[in-house]
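The structure appears below as structure tokens.
6 protein chains.
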Amino acid sequence: MLVDWPLDRLREYRPDRNEPDDFRAYWRNTLDQARSQAFPARFQPYDAGLVTVECWDVTFAGFGGHPVRGWFLTPRGATGPLPCVVEFIGYGGGRSLPLDWLHWSAAGYAHLVMDTRGQGSNGSLAGDTPDPAPVGGPAVTGFLTRGIADRDGYYYRRVFTDAVRAVETVREHPLVDPDRVVVAGGSQGGGIALAAAGLVEGLAAVVANVPFLCHYRRATEATGAAPYSELTTYLSVHRDAEERVFQTLSYFDGVNFAAHATAPALFSVGLRDAVCPPSTVFAAYNHYAGPRDIRVWPYNGHEGGAVRQRVEQIRFVGEALAGS
Amino acid sequence: MLVDWPLDRLREYRPDRNEPDDFRAYWRNTLDQARSQAFPARFQPYDAGLVTVECWDVTFAGFGGHPVRGWFLTPRGATGPLPCVVEFIGYGGGRSLPLDWLHWSAAGYAHLVMDTRGQGSNGSLAGDTPDPAPVGGPAVTGFLTRGIADRDGYYYRRVFTDAVRAVETVREHPLVDPDRVVVAGGSQGGGIALAAAGLVEGLAAVVANVPFLCHYRRATEATGAAPYSELTTYLSVHRDAEERVFQTLSYFDGVNFAAHATAPALFSVGLRDAVCPPSTVFAAYNHYAGPRDIRVWPYNGHEGGAVRQRVEQIRFVGEALAGS
Amino acid sequence: MLVDWPLDRLREYRPDRNEPDDFRAYWRNTLDQARSQAFPARFQPYDAGLVTVECWDVTFAGFGGHPVRGWFLTPRGATGPLPCVVEFIGYGGGRSLPLDWLHWSAAGYAHLVMDTRGQGSNGSLAGDTPDPAPVGGPAVTGFLTRGIADRDGYYYRRVFTDAVRAVETVREHPLVDPDRVVVAGGSQGGGIALAAAGLVEGLAAVVANVPFLCHYRRATEATGAAPYSELTTYLSVHRDAEERVFQTLSYFDGVNFAAHATAPALFSVGLRDAVCPPSTVFAAYNHYAGPRDIRVWPYNGHEGGAVRQRVEQIRFVGEALAGS
Amino acid sequence: MLVDWPLDRLREYRPDRNEPDDFRAYWRNTLDQARSQAFPARFQPYDAGLVTVECWDVTFAGFGGHPVRGWFLTPRGATGPLPCVVEFIGYGGGRSLPLDWLHWSAAGYAHLVMDTRGQGSNGSLAGDTPDPAPVGGPAVTGFLTRGIADRDGYYYRRVFTDAVRAVETVREHPLVDPDRVVVAGGSQGGGIALAAAGLVEGLAAVVANVPFLCHYRRATEATGAAPYSELTTYLSVHRDAEERVFQTLSYFDGVNFAAHATAPALFSVGLRDAVCPPSTVFAAYNHYAGPRDIRVWPYNGHEGGAVRQRVEQIRFVGEALAGS
Amino acid sequence: MLVDWPLDRLREYRPDRNEPDDFRAYWRNTLDQARSQAFPARFQPYDAGLVTVECWDVTFAGFGGHPVRGWFLTPRGATGPLPCVVEFIGYGGGRSLPLDWLHWSAAGYAHLVMDTRGQGSNGSLAGDTPDPAPVGGPAVTGFLTRGIADRDGYYYRRVFTDAVRAVETVREHPLVDPDRVVVAGGSQGGGIALAAAGLVEGLAAVVANVPFLCHYRRATEATGAAPYSELTTYLSVHRDAEERVFQTLSYFDGVNFAAHATAPALFSVGLRDAVCPPSTVFAAYNHYAGPRDIRVWPYNGHEGGAVRQRVEQIRFVGEALAGS
Amino acid sequence: MLVDWPLDRLREYRPDRNEPDDFRAYWRNTLDQARSQAFPARFQPYDAGLVTVECWDVTFAGFGGHPVRGWFLTPRGATGPLPCVVEFIGYGGGRSLPLDWLHWSAAGYAHLVMDTRGQGSNGSLAGDTPDPAPVGGPAVTGFLTRGIADRDGYYYRRVFTDAVRAVETVREHPLVDPDRVVVAGGSQGGGIALAAAGLVEGLAAVVANVPFLCHYRRATEATGAAPYSELTTYLSVHRDAEERVFQTLSYFDGVNFAAHATAPALFSVGLRDAVCPPSTVFAAYNHYAGPRDIRVWPYNGHEGGAVRQRVEQIRFVGEALAGS
């Protein structure tokens, strides 16, 4: 059954944004600080037993100069400069092994898969990147409320900074054409991609599938499903924290990042998605400041278009690059 | 928690087999008949937008001369003759799109993914192959009891025949080395691979991950989970059918196919797998007549080793081919 | 809690119908073809160990001349011509044994219970009628999407034709008064009864309890429960099939059959019925072209009025026959 | 999956019984007292709109002289004396309407369906008999622990007494042959039938399908399902009550009633029945003191043989009566 | 997610009340009758092993002169007269032991915890008070429909009368100041407190947290959760009982009691409370005739403010007493 | 139903322990380091609005000199030296407010409730203590696998050290008699109490209710419930980590702490406890090196004896202190 408003209403839903005055300054400072702590990225060749791709085990400096892992894959024998997709991972997953990430290199792209710090122990995708920062105050098990009492200690501040640093890392790689870098992801990965889209200049394209991390307040009203439920749980226990929490979140809302983005973007949404309710996705989509398109999957939940969306992504990115 | 016996007991579990006297004759006749109805396979080039692989949309003649679909992928530019993996799909899934099947070609193999007739509408992998045979008598929704009242009309007779025909199809392909064909799959795909292993001569290797379709009677005792539960449901409704059902199944039991197999085989099992309980997997493994190894994942359920098992498969198949 | 709109809104809900131009021609041809393939029905006496009823094991020719089973019961010693109720069964059930069908003969009617082809393995009512037609393309496990890609191969084309043939069968029985034939059923049986009501001339009455198979598009929006969920699942996997699917369904929608019906009809609906949401029932009811009444059970789910509805049915049918 | 021990072990399971010394005296006194409070039964003709059966709305004096309701059905026109089945109802259900109880009269029997006092509000079968006795001490919602602190106030003391009084009531009816009275029921009804079997002399047959109310202590160990779980819940809250509770229950255990029964009995059991675990059924069966048989349904849960068991009942009762 | 209307709408929701003409007379007679059957309350010293409080095991005469149990606690050494809180317990719970009830005496109050007759076997709080009145007609397992066919036999008639008697009991205790008696409770206890608020003159304050037993008809529409679901279940089985049931309930509706209350009241509500939906709470709150305040917990379910609400209660009661 | 072995077997279950050679040295070093980083504890008077107790908001130095919060309560007016109970909290909970912790001071004890670092956002008990240490490597959401790859960074190293420091803190408080300090807790709190029992000299008594954190390997085999399931999940994702994980855990196993404890201990266990399976509790109990007793609750799950166990605790501790 439909889990949110009818499509007509969704298409017109463009709620007021709540962007802090110092939003841009805050992020400029955050990123500058990270850059100042960065070490040179390491690309260590990795034998995945594959003949059509070359793999590297990547370590680059993320937030706080913390080492962040990833896989870098290229079509074997490609000489570059290649367009490059930087991909972010869904909630709970980690970078796993290169075998799980063959699609973009098969399509002719350099491909960096960024491990999400601290994640990669819950599902099928194991992770390798610790989060050396403390959790901070008490938090709901999960990641959405880690450090939420304070914008500076909030977990996604570190993750979004890692994402920007990932883009900067590939841009310096000799096989990559720095003008043809794409950010992409689904669910949490889509939310991270939106953050990168709002924080990085000159991206060639953005792909945000069924994005998480958008329009938090509406999310708590529209769904009881995890992981947005972590937020509700936190507020149900820490009964005085509401104002502070939403103030923190205003620095990390995909709706606000969307309003600062300029690269062509492809969104997707499932009208029966109770995990990332359609109204939260359209809130970001309708505020997206660059060229934008959205693929609506009317009978799907959080899986959205699945492999069909992958095909559309490849086509969309190809056309965006051709047009750029 | 553990869902079946302790590992020590599992390793020694080799139950009596119940093979019909005419098991081999039955299958010889079945396969001969299918071959007599076969039309030449079609390999139609398919543009999947990929640069590292070449793809073909395959149609070959399965049971009854029915057209069965598949994808054929090779490393782009490979000239062959290549070793080839014929892969069978888990319960409910279909061939989807080539983007979902990049791993074996990336590892340097020709790769045929066989659509499972009638399946591919329930999960994330869409299918394209109708099953033109009638369901036959009333059956539990699902596939396990379709036509189960009669060995000749049983659904898996058609599927297993399709599988043998898939092997025969790739063996005739100019890019494939017919002496280096491997059958592989997980869950239902693993059960189909075991059937092929028992029915086809001269395979180079067999991979059966957490295989389904083995030791049915034990399965109904050891688990209440789908899809083995379809069998229990059928017998709970058709209260006189027990003898007839298990007689039919004796022609389709992975335990019996295993006893006729000779190629080196890699099994895997999850000790917390309530879908395909470990005792049913070890029953087949311990009767396997060829060289055999098994990877035990002590903390996993039906996902078994997931990508880690994929890595092991590639290594195992590589070594098997090197040794052959 | 209420699962759909308030009763006031439901009573006025009469959505636009989507009837294909050739709806009547399509069905005329379908039925003519079935009649042309028919063999004479067989009524074999059956000893159910009962003293107040006589039973026959019935086999009549349904769609494609396929043999369809049923039970025929009459009050023992009745000489006729009797009014006759043709009853259709709920989703998943089969004809079971005569002991399960004593109510209409006890009330003085001849009673034909039609087995639903292919069903009768999932619940408490075993079935005996195979569906000799192939499933056709991949389908969700269940019956609602079998052959849905093509109106000619759609499962319910066969079932609805069987239903018409069942009426024609009893009309030729010497104990039955052909002018006093009633069609009845609940849930799927109610949907089939509506189809028969729209396709058969001269019925004496129609009983459609909590009918399934009505207003499919609304159903996918209003409920996530089985079996309407099969439709959503199908469309979630076969992402291009929407138009084709709803075109097929327009030939099989209770809303359209209702608009062609003329016999007096008794509907029922449960306002907390998440299986067949009230709006889908009222859509058919409000389009019903003959005399009509509906029994609203405000606190019930899909069970509707249960035995209380049975009592009302007997009263309604008695009055309809008295009035005819 | 199997929910209890393997069948071999079940067949030999005959646990020690724990029968109080004054078991027989207790029940003699209880029944004598009820008889002394009895008023003459009333059989009021009831128009159920049926032509093959005659119906009476029955009120007879149960425990404490409390009025207990029931339906009495006979094949219309039967002159008697008829054999008569007294039927008891499953947990939560009430007598509903005659339309729900056509099977025994259809088979040629007089049939009394006894309402279970206080029940008939939870499921599909509405009840009409209040329980005028107080619940007594705090009890788990449900019936199993009502008054359990004291054998004299225990709920099933009243129900079992009602059951004996029901038999005595039909024995005095002019249409009934008092030497051919059968007690029957399933689940709770089977447990009540066992109680009647142990308390009433000269019954012609006993039918106890998947009986409840047997071997309580084992039940709390073997299942967590309702309604036996009410007992566990009670003991989990009233932590000092264990000895007292099991002392009360020793007067109400089907195992003890079975040991005093003499009429031929047909039991049934489902090997996957988590509601009334097989070991509790076999405990009663293996202590049954009269001629006995059991129908094992290996693939069924609490539904046991369903209509198939009904057919067997009719056959068994017919043979028992023929033999008597 | 939000489970009822938005807060704005809730704040204005003041539905028509349905108060019977003889509401006040009915309760006057009921209470007068109970008083005429009362025996003197017993306060038996109880050694709970505690040093800061004194405890008494209380037995007072409730409805029908039935003995009702409770605990009476005072700060050890207090000489009085003390303000006193009479507390009622949530659904299913009993008085447990004094260790569970230390908060009000710790805050300086005399404290009577009233056992709820018949309850205290389902959860963590054991009860000791039988309900000597019969259940009456068939009822859904639970308490909400016990005796619901008749206002005089309805379960909550006895409980509400017990509550009034509890207040009268403490008012006569030498340590208690009868002008400073407060009634309090959460969920069912809140509903009972509202009843007492409407029936007792001169209370000093009322605390009704997330109250149950308010606005029954809306409750059946707004939630499917227990215990309001007992009402829906009853009406789903007893299909003719609707009018009678709601007539009975009109004598026991918190909305009506609220309209007769005069003492200052503190309500609380959880906007995600599916057990006692916010609209039912606001219906009572908005009809409350005395000074009133409500604490809205926007992210909480039925737990409402939990310990935070306890702190607010203590503060509110302290201020109310200071102001009186 | 029973969830583990029968009681007889449990009573004798004393599995081999796996204690590292440097277990004692490891902990000595860990604790010495913490002591070296400690700052003087702060006891800030807190107005909880209570008259029978005095409250202090406590901050003491735990592991790494990190500030750990707690509440300190004494019977108002007590002059000491008082016996003191240090209480640890169940999984997920925090120190909440003093109103939730009145029992020990009511019984005449000084009482320190230690906040569990990082916890207190998931349930009803809010926490106030951040965990300033990083989570370390990827971990399952929850606490059981935080830092599990390395004994030095393991989460419970910090918690257990906090617990020892809590005891040391109260021993220095002027109102506390350092020779009469008791450690107590349930579930996680019971596991922490066992750790303290093994690490602290001269405790007067130990109370470990249904303790968690014991015999981890058995726990993963015996239950699939949270939070032990976090361990299984971790090992299902990090498939090479088994040896390392269990090596880490050998430093944190209640079974090993029990073997070093000397103070009189009261355990409790619920035979239907699927959260902390009885075999894991008995493993610790049967290795406990001091005087020991256990209260078995045969019909309870993880709630164990609840308030009844509280009463027993107070009695046990009273006797232990009297005897010491």
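Chains as they are written, first to last, in this note's numbering: chain A, 1 to 324; chain B, 325 to 648; chain C, 649 to 972; chain D, 973 to 1296; chain E, 1297 to 1620; chain F, 1621 to 1944. Where a beta carbon is used, it is the ideal one built from N, C-alpha and C, also for glycine. The model shown is predicted, which means the values in this text are computed figures rather than measured ones.
- For the set E:R1313, E:M1297 and E:P1302, the Cα lying nearest the Cα of A1555 of chain E is the one of E:R1313.
- The beta-carbon of P1102 of chain D is placed less than 8 angstroms from the nearest beta-carbon of chain E.
- Residue-level contact by beta carbon holds for V885 of chain C and chain B, with a gap shorter than 8 angstroms.
- Secondary structure note for T1694 of chain F: its beta strand (DSSP E) is the uninterrupted segment P1687 to P1695.
- Residues of the region 1397 to 1413 of chain E with a C-beta less than 8 angstroms from any C-beta of chain F: L1398, H1399, S1401, A1402, A1403 and G1404, listed in chain order.
- Inter-segment contact for the region 274 to 286 of chain A and the region 51 to 70 of chain A is absent: fewer than three beta-carbon pairs are separated by less than 8 angstroms.
- One thing to note: S1546 of chain E has its Cβ within 8 angstroms of the Cβ of P1316 of chain E.
- Shortest Cα-Cα distance from G1684 of chain F to any of F:P1898, F:F1708 and F:R1655 involves F:R1655.
- Membership of I840 of chain C in the alpha helix (DSSP H) is indicated by the continuous run Q836 to L847.
- When rounded, the separation of the alpha-carbon atoms in A196 of chain A and A867 of chain C is 40 angstroms.
- P925 of chain C: not part of any beta strand (DSSP E); DSSP gives it neither H nor E.
- DSSP, read as helix, strand or coil, puts S744 of chain C in coil.
- The beta carbon of V182 of chain A sits closer than 6 angstroms to those of V85, A204, A205 and V317, all from its chain and outside the five residues before and after it, given in chain order.
- Scanning its chain for C-beta atoms nearer than 6 angstroms, with the 5 sequence neighbours on each side dropped, one finds around H1362 of chain E the residues P1428, in chain order.
- Buried is the label assigned to Q512 of chain B, since at least 16 other Cβ atoms lie within 10 Å of its Cβ.
- Take R1442 of chain E, set aside five residues on each side of it, and the residues of its chain with a beta-carbon closer than 6 angstroms to its own are V1431, A1435 and Y1451, in chain order.
- In this chain, D1748 of chain F is not harboured by any alpha helix (DSSP H), its DSSP state being neither H nor E.
- For A149 of chain A, the closest alpha carbon among the candidates A:Q247, A:P178, A:Y91 and A:D177 is that of A:Q247.
- Listed by position along chain C, the residues whose Cβ is nearer than 9 angstroms to that of A490 of chain B form an empty set, because the closest Cβ is around 18 angstroms away.
- Using a Cβ distance threshold of 8 angstroms, G1404 of chain E and P1371 of chain E count as a contacting pair.
- Chain-ordered, the chain B residues with CB closer than 7 angstroms to the CB of Q767 of chain C read P462.
- What S1744 of chain F touches in chain E, judged by beta-carbon distance under 7 angstroms, is E1599 and A1602, going in chain order.
- F143 of chain A places its beta carbon less than 8 angstroms from that of Q119 of chain A.
- Cβ contact annotation for S1420 of chain E (same chain, cutoff 6 angstroms, sequence separation greater than five): none.
- At the C-beta level, T547 of chain B and A598 of chain B come within 8 angstroms of one another.
- In the three-state reduction of the DSSP assignment, H435 of chain B falls in the strand class, which pools E and B.
- Boundaries of the beta strand (DSSP E) harbouring W1917 of chain F: R1912 to W1917, taken from the DSSP string.
- Between the alpha carbons of R1540 of chain E and R1447 of chain E lies a distance of about 9 angstroms.
- Check the Cα spacing between E890 of chain C and each of A:P81, A:A226 and A:W297: the tightest is with A:W297.
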